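For the sequence shown, counting from 1, position 13 maps to 187 in the UniProt record's numbering; every step adds exactly one. Every residue gets a Cβ at the ideal spot worked out from N, C-alpha and C, and that includes glycine. None of the values given here were measured: they were computed from a predicted structure. What follows is one structure encoded as structure tokens, with my remarks underneath.
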Amino acid sequence: IEAAVADGPLKGRRVVVTSGPTQEPIDPVRYIANRSSGAQGTAIAAALAGLGAEVVFVTGPADVAPPGGVTVVPVESAREMLAAVEAALPADAAVFAAAVADWRVAEQSGAKIKKQPGGAPPALQFVENPDILAAIARRSAGRPALVVGFAAETDDVIAHATAKRARKGCDWIVANDVSPATGIMGGAENEVTLITADGAETWPRMGKPEVARRLAARIAEALG
Ligand code: CTP
Ligand code: CA
Numbered sequence: 175i176e177a178a179v180a181d182g183p184l185k186g187r188r189v190v191v192t193s194g195p196t197q198e199p200i201d202p203v204r205y206i207a208n209r210s211s212g213a214q215g216t217a218i219a220a221a222l223a224g225l226g227a228e229v230v231f232v233t234g235p236a237d238v239a240p241p242g243g244v245t246v247v248p249v250e251s252a253r254e255m256l257a258a259v260e261a262a263l264p265a266d267a268a269v270f271a272a273a274v275a276d277w278r279v280a281e282q283s284g285a286k287i288k289k290q291p292g293g294a295p296p297a298l299q300f301v302e303n304p305d306i307l308a309a310i311a312r313r314s315a316g317r318p319a320l321v322v323g324f325a326a327e328t329d330d331v332i333a334h335a336t337a338k339r340a341r342k343g344c345d346w347i348v349a350n351d352v353s354p355a356t357g358i359m360g361g362a363e364n365e366v367t368l369i370t371a372d373g374a375e376t377w378p379r380m381g382k383p384e385v386a387r388r389l390a391a392r393i394a395e396a397l398g
């Protein structure tokens with residue numbers, strides 16, 4: 175869990191990265207989750223560490239192993255992820271690559287929910303999870319200088335992502351099209367558009383590690 179410090183343009187900089195899915199418990203044996211593998215967030219953390227940053231990697235239960243050279247903070251639920259991010263601040267930059275579950279079950283059952291013979295299925299009630307990116311981007315005190323969000327969309331990618339950037343108050347949004355036909359969700363490659371105050375810039379399709387290195391280089395440039 176501890177942390178070699180590489181030399182590079184991000185030496186002395188601290189960056190928080192969220193990654194992976196979250197799991198939202200229903201009862202002691204069941205949960206709600208999503209298909210995020212954690213591959214892109216993991217690659218970003220590795221690339222930032224490779225440029226010398228001190229990286230706090232807050233990760234839900236992902237398929238891929240966390241990178242070396244970062245401080246790993248494993249979490250399960252969205253609320254745990256928010257608490258871990260807050261505990262990791264202050265930071266110079268924060269990158270929110272996690273696929274956070276939008277909703278959780280309103281009342282987690284302490285005991286396994288049993289089938290009722292002849293009865294109806296349980297009617298689960300949901301409540302919205304905290305928006306971790308928006309909470310950090312809108313902080314009045316202790317906001318990282320650079321806050322980067324992601325927007326996985328299936329249509330009107332740039333329009334949705336541009337609106338999302340404004341709604342959440344972050345500096346950059348990395349947008350991508352995750353329609354099944356693109357093969358990006360769970361695949362090795364990504365094709366992203368970086369949305370900043372200056373507009374939208376679409377990068378060619380490339381491997382997720384290459385996207386990560388390019389993004390890390392941009393972050394280093396922005397932090398100066
Ligand atoms: N995010 C977050 N906390 C949440 C939901 C999302 O931190 N509860 C972050 C994600 O890590 C990502 C960005 O917000 O960086 C956008 O996530 P996305 O799911 O695309 O946006 P939502 O606001 O949840 O909108 P929707 O899912 O309806 O498109
Ligand atoms: Ca969402």
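Note to self: Helix, strand or coil, according to DSSP, for M359 in the structure here?
What the structure shows: Locating residue 359 in the sequence shown gives position 185, counting from the first residue. The answer is coil: DSSP assigns M359 none of H, G, I, E or B.
Checklist line | Segments assigned beta strand (DSSP E), at least 3 residues, entirely inside the segment 208-266 | finding: 228-233 and 245-248
Next item on the list: Whole angstroms is fine: what's the gap from A335's alpha carbon to E365's?
Entry: Taking the sequence shown and counting its residues from 1, one reaches residue 335 at position 161. Taking the sequence shown and counting its residues from 1, one reaches residue 365 at position 191. When rounded, the distance between both Cα atoms is 14 Å.
Check: Which whole-angstrom value is the C-beta distance of A252 and N208, which I expect to be below 8 Å?
Finding: For this step, residue 252 is matched to residue 78 along the sequence shown. For this step, residue 208 is matched to residue 34 along the sequence shown. Between N208 and A252 the Cβ distance is about 11 Å, and since that is not below 8 Å, they are no contact.
Check: What's the gap between the Cα of V191 and the Cα of A273?
Finding: Along the sequence shown, one-based indexing puts residue 191 at 17. Along the sequence shown, one-based indexing puts residue 273 at 99. Computed Cα separation, rounded: 12 Å.
Next item on the list: Could you tell me which residues DSSP puts in a beta bridge with P195?
Entry: Within the sequence shown, numbered from 1, the residue matching residue 195 stands at position 21. Answer is A273, bridged to P195.
Margin query: Between G381 and ligand 1, is there a pair consisting of the residue's CB and a ligand heavy atom that are separated by less than 8 Å?
Written below: Translated into the one-based positions of the sequence shown, residue 381 becomes position 207. Not under cutoff, so the answer is no.
Next item on the list: Using beta-carbon positions only, say whether V230 and V249 come within less than 9 Å of one another.
Entry: Within the sequence shown, the letter at position 56 stands for residue 230. Within the sequence shown, the letter at position 75 stands for residue 249. Contact flag unset, no.
Check: CB V269 to CB V352, shorter than 9 Å?
Finding: Looking up residue 269 in the sequence shown gives position 95. Looking up residue 352 in the sequence shown gives position 178. Cβ distance not < 9 Å, so V269 and V352 don't count as in contact.
Notebook entry, point to check: CB-CB under 8 Å to W277, same chain, minus the five flanking residues each way: which ones, in chain order?
Noted result: Counted from its first residue, the sequence shown places residue 277 at position 103. The residues are E198, I206, F300, V301, E302 and N303.
Next item on the list: Indicate whether V368 and A362 have their beta-carbon atoms separated by less than 9 Å.
Entry: For the purposes of this step, residue 368 is taken as residue 194 along the sequence shown, with counting starting at 1. For the purposes of this step, residue 362 is taken as residue 188 along the sequence shown, with counting starting at 1. It is Leu, not Val, that sits at residue 368 in the sequence shown. Result no, Cβ atoms of L368 and A362 do not sit closer than 9 Å.
Notebook entry, point to check: Which of the three DSSP states, helix, strand or coil, is assigned to T336?
Noted result: What you label residue 336 is simply residue 162 of the sequence shown in a count that begins at 1. If DSSP states are grouped into helix, strand and coil, T336 belongs with the helices.
Checklist line | Length of the line joining the Cα atoms of S193 and I358 | finding: Looking up residue 193 in the sequence shown gives position 19. Looking up residue 358 in the sequence shown gives position 184. Roughly 16 Å between the two C-alpha positions.
Checklist line | Terminal residues of the beta strand (DSSP E) in which V352 lies | finding: If you number the sequence shown from 1, residue 352 lands on position 178. Looking at the DSSP string, V352 is not in any beta strand (DSSP E), and its letter there is neither H nor E.
Checklist line | Straight-line gap, A389 to I218 (C-alpha atoms, nearest Å) | finding: Within the sequence shown, residue 389 is the residue found at index 215, counting from 1. Within the sequence shown, residue 218 is the residue found at index 44, counting from 1. The sequence shown places Leu at residue 389, rather than the Ala named in the question. Rounded to the nearest angstrom, the two C-alpha atoms are 8 Å apart.
Check: Is it the case that the CB of residue 406 approaches a heavy atom of ligand 1 more closely than 8 Å?
Finding: Absent from the model: residue 406. The displayed extent of the chain is 175 to 398, so no value can be given.
Check: Is it buried or exposed for E395, if we count other Cβ within 10 angstroms and need 16 for buried?
Finding: Numbered from its first residue, the sequence shown carries residue 395 at position 221. With fewer than 16 Cβ atoms within 10 Å of its Cβ, E395 is classed as exposed.
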